[in-house]
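Note that numbering that gives the first Met the number 0 gives residue 206 to position 207 of the sequence shown, counting from 1, and the numbers run on in steps of one. In what follows, a single structure is set out as structure tokens and then discussed.
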Amino acid sequence: MNRTYVPWLDDARVAEAATQTHVIWSGGRTLEAHIEGQRAQLRRAGPAILRYTGLLDESGRLVAGIKRYGLSVSVPGGGKAPGVGIGAVFTLPDARGTGAASELLRAVLDEARADGVALALLFSDIDPGFYERLGFVALPSLEHTATVSALPAETSLDARPSTPEDERWMLETYDASWDPSFVRPARTLDILRYFRFRNHGDLGWILRRDGRDVGYVLAALHDGKRDDGAEPPPRTLWVDEWAAPGIPREDVLGALRRIALAEGAAHVASWLPPHLEGEPFVARNRPTAIAMALALGEGFPMIDPGKTFFGSLDHF
0 MNRTYVPWLD DARVAEAATQ THVIWSGGRT LEAHIEGQRA QLRRAGPAIL
50 RYTGLLDESG RLVAGIKRYG LSVSVPGGGK APGVGIGAVF TLPDARGTGA
100 ASELLRAVLD EARADGVALA LLFSDIDPGF YERLGFVALP SLEHTATVSA
150 LPAETSLDAR PSTPEDERWM LETYDASWDP SFVRPARTLD ILRYFRFRNH
200 GDLGWILRRD GRDVGYVLAA LHDGKRDDGA EPPPRTLWVD EWAAPGIPRE
250 DVLGALRRIA LAEGAAHVAS WLPPHLEGEP FVARNRPTAI AMALALGEGF
300 PMIDPGKTFF GSLDHF
């Protein structure tokens, strides 16, 4: 079977890919809105961060597609390396079972290796086993929830809304909050801004102590709306991440309580990294968005699931 890898789909092919995935990932939008949504993501990201790749059959039909994200990762011991994100993997129904998705994924990974990329990352919603057979390692994928009333009532911190001028400082604060042995995102300003646009990230606060900025919180509000008319779950403050190096966890949790109460939320939820887990949060395994990683470069270490973390802000 003679198929052709296309590393960069043009606008017409992007519309074709979006048409094929509309039934899966449109979120109830019309076909036209879904296509425009994909175009908006590409425009906002720019080609260095996001492009569509595809596999064409002998007739020129797009039979498989992948969104390829240009990322940066922090490697154990310090330093940064290029990464690649794999998203929106799909195969046309009549091409399934022919190895099209595997062929396309291998082509993307081979291209990434040739470009010196150190790590591939994806979030599996359907079959982690498919990616494990290609060498990917599943990472701990937990969702943590707590009632607002269970968070500490006292804190030495106050909070102010963040502004775009705070974002460079956020990057520095994020890096300073991590154990250097972890494999994790190493964001640029463009990557931070794109993923805040792409994901929840519509709310942000700067945490302050004694008039000094000491940390930040990026979050969104979930109202728990339901289409079936049933009683919706309580309003939740979804925390994409917080970083406050040197500040006790209890102080940050107290600040989260104040923020959640001010926003009318009854629960706080997050994908917490290991050093922030524990009471009062209750953890459960996620049924979808299972993070998976594959070391690509010869100088990159084997993946240690306990020392590798990608949060909901990085989800694609």
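Cβ coordinates follow ideal geometry from the N, Cα and C atoms, glycine included.
Same chain only: Cβ atoms within 6 Å of residue i, ignoring 5 sequence neighbours per side
| i | result |
| --- | --- |
| residue 62 | 54, 56, 91, 94, 99 |
| residue 173 | 242 |
| residue 201 | 219 |
| residue 84 | 68, 70, 120, 315 |
Per-residue DSSP class, three states only, for residue i
| i | result |
| --- | --- |
| residue 180 | coil |
| residue 169 | helix |
| residue 107 | helix |
| residue 136 | strand |
| residue 194 | helix |
| residue 8 | coil |
| residue 115 | coil |
| residue 292 | strand |
| residue 148 | helix |
| residue 287 | coil |
Any C-beta of chain B under 8 Å from that of residue i
| i | result |
| --- | --- |
| residue 216 | Within the model displayed, chain B is absent; a lone protein chain is all it includes. |
Neighbour-count burial assignment, residue i, 16 or more Cβ in a 10 Å radius
| i | result |
| --- | --- |
| residue 47 | exposed |
| residue 240 | buried |
| residue 0 | exposed |
| residue 237 | buried |
| residue 301 | exposed |
| residue 184 | buried |
| residue 67 | buried |
| residue 140 | buried |
| residue 114 | exposed |
| residue 39 | exposed |
| residue 313 | buried |
Proximity to residue i [Cα-Cα], best of the options
| i | options | result |
| --- | --- | --- |
| residue 273 | 213, 182, 1, 205 | 182 |
| residue 148 | 303, 267, 15 | 267 |
| residue 257 | 288, 299, 153 | 153 |
| residue 305 | 313, 292, 298, 314 | 292 |
| residue 265 | 188, 222, 298 | 222 |
| residue 122 | 86, 34, 11 | 86 |
| residue 169 | 178, 188, 151 | 188 |
| residue 259 | 164, 217, 83, 132 | 217 |
| residue 270 | 27, 176, 281 | 281 |
| residue 250 | 203, 262, 234, 213 | 213 |
Close beta carbons around residue i, own chain, < 7 Å, minus the five adjacent residues each side
| i | result |
| --- | --- |
| residue 254 | 154, 156, 158, 206 |
| residue 334 | Nothing can be reported for residue 334: it is not among the residues displayed for the chain, which extend from 0 to 315. |
| residue 193 | 43, 44, 48 |
Nonlocal neighbours in the same chain, by C-beta distance under 8 Å from residue i, ignoring five residues either side
| i | result |
| --- | --- |
| residue 180 | 75, 76, 306 |
| residue 124 | 287, 288, 289 |
| residue 227 | Note that residue 227 has pLDDT 47, beneath the 50 cutoff, so the model's placement of it is unreliable and the number below is only indicative. Cβ neighbours of residue 227 beyond the five flanking positions: none. |
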